[in-house]
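To start, the structure under review is shown below, and the notes come after it.
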Amino acid sequence: MLGPEYSLYFSSFALARYHRPFPFGIFGRYCTGAVPQVYWNAFRWPVDQSLDWAYEDYAAVGFAPDRVFPAGGLYREGIVGYPYPDEVREFAQRTRVTGSRGVSFWSYEHMNEEMWEAVRSATVEEEGMSSAEFDQLNASASQLAGRVGQLEAEVAAIRSTPPPTAAPPPRTYTVQPGDTLSGIAASFGLDGWQRLYEINAGAIGDDPNRIYPGQVLVIP
Numbered sequence: 003m004l005g006p007e008y009s010l011y012f013s014s015f016a017l018a019r020y021h022r023p024f025p026f027g028i029f030g031r032y033c034t035g036a037v038p039q040v041y042w043n044a045f046r047w048p049v050d051q052s053l054d055w056a057y058e059d060y061a062a063v064g065f066a067p068d069r070v071f072p073a074g075g076l077y078r079e080g081i082v083g084y085p086y087p088d089e090v091r092e093f094a095q096r097t098r099v100t101g102s103r104g105v106s107f108w109s110y111e112h113m114n115e116e117m118w119e120a121v122r123s124a125t126v127e128e129e130g131m132s133s134a135e136f137d138q139l140n141a142s143a144s145q146l147a148g149r150v151g152q153l154e155a156e157v158a159a160i161r162s163t164p165p166p167t168a169a170p171p172p173r174t175y176t177v178q179p180g181d182t183l184s185g186i187a188a189s190f191g192l193d194g195w196q197r198l199y200e201i202n203a204g205a206i207g208d209d210p211n212r213i214y215p216g217q218v219l220v221i222p
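Numbered by my numbering, the letters in the sequence shown go through residues 3 to 222 in order.
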């Protein structure tokens, strides 16, 4: 959290497995919680299954339900229609029962009157904020730049780290008619056939003389 009162959140896909390169661990250190985009109406998934999968995925990357604040999709676009009001209420109620401390919806400017009523009927009464609490909240906001700066620095460090160099593929040779291990070893400049046999014993078997055309050998 940004001080004890000010919160910072990040938003990503409904399922963390769809965003594997994302540095969830770093964002988890600096953010109050995650806001997965659980647009069940666009996914054509049941509300309960969408939320179950989202909570399961975010738990796997370190976010307990009280740090997950799902965002529902209350919009209509193309073949995606508005969700049913009962689904909106189920969405809000299930998140509360699961342990989330809040939800969000995208996006308010796209909502019709029916969606607004669904949200209103799904929400619970909120506690008011005293003037002292409000002043303290505003004071805490001044720390935001520092936290965001730290977050950006760590993410930049990840981006600047070159990926590990992949090991080169092993050399191979396809046995031709008349080949012997000693002849193959000599053609690759190896010091004897024994090392060649040792590496390929699993494929050749107990008898080093029993190689056959078409067999692929690994060259050390």
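Every residue gets a Cβ at the ideal spot worked out from N, C-alpha and C, and that includes glycine.
Where residue i falls: helix, strand or coil (DSSP)
i, result
"ILE206", "helix"
"GLY5", "With a pLDDT of 47 at GLY5, under the threshold of 50, the predicted position of this residue should be treated as unreliable, though the coordinate-derived value follows. The answer is coil: DSSP assigns GLY5 none of H, G, I, E or B."
"ARG78", "coil"
"PHE223", "Any answer about residue 223 is impossible in this case: the structure gives the chain only from 3 up to 222."
"GLU200", "helix"
"ALA36", "strand"
"SER109", "coil"
"VAL70", "strand"
"THR100", "helix"
"ARG212", "coil"
"LEU153", "helix"
"ARG161", "helix"
"ARG22", "coil"
"PHE239", "Residue 239 lies beyond the range of the chain shown here (3 to 222); nothing can be said about it."
Cβ-based neighbour list, residue i, same chain, cut-off 6 Å, excluding 5 preceding and 5 following
i, result
"ASP59", "LEU17, ALA18 and ARG19"
"GLN95", "none"
"SER184", "TRP195"
"PHE190", "ILE221"
"GLU79", "none"
Beta-carbon proximity check, residue i vs residue j, cutoff 8 Å
i, j, result
"PHE71", "SER102", "yes"
"GLY216", "VAL177", "yes"
"SER106", "VAL218", "no"
"LEU198", "ALA187", "yes"
"ALA15", "GLN39", "Checking the sequence shown, residue 15 turns out to be Phe, not Ala. Cβ atoms of PHE15 and GLN39: closer than 8 Å."
"PHE93", "VAL49", "yes"
"LEU153", "PHE65", "no"
Neighbourhood of residue i by C-beta, 7 Å cutoff - its chain only, sequence neighbours within 5 removed
i, result
"ALA120", "PRO87, VAL90 and ARG91"
"ALA62", "ALA18"
"ALA44", "GLY75 and VAL82"
"SER123", "ARG91"
8 Å Cβ shell around residue i - same chain, five flanking residues per side excluded
i, result
"ARG161", "none"
"TYR11", "CYS33, THR34, GLY35, ALA36, VAL37 and PHE71"
Where the beta strand (DSSP E) through residue i begins and ends
i, result
"TYR60", "Taken as a continuous stretch (DSSP letters only), TYR60 belongs to no beta strand (DSSP E), being part of the alpha helix (DSSP H) at 49-62."
"VAL220", "218-221"
"TYR84", "Neither: TYR84 is in no beta strand (DSSP E) and is coded neither H nor E."
"THR174", "173-176"
Presumed contact (8 Å Cβ cut-off) between residue i and residue j, rounded CB distance
i, j, result
"ILE221", "TYR175", "5 Å"
"SER13", "ALA56", "About 12 Å separates the two Cβ atoms, so there is no contact after all."
"PRO85", "TRP42", "7 Å"
Residue i - containing alpha helix (DSSP H), residue span
i, result
"ARG122", "115-124"
"PHE45", "42-45"
"GLY185", "183-189"
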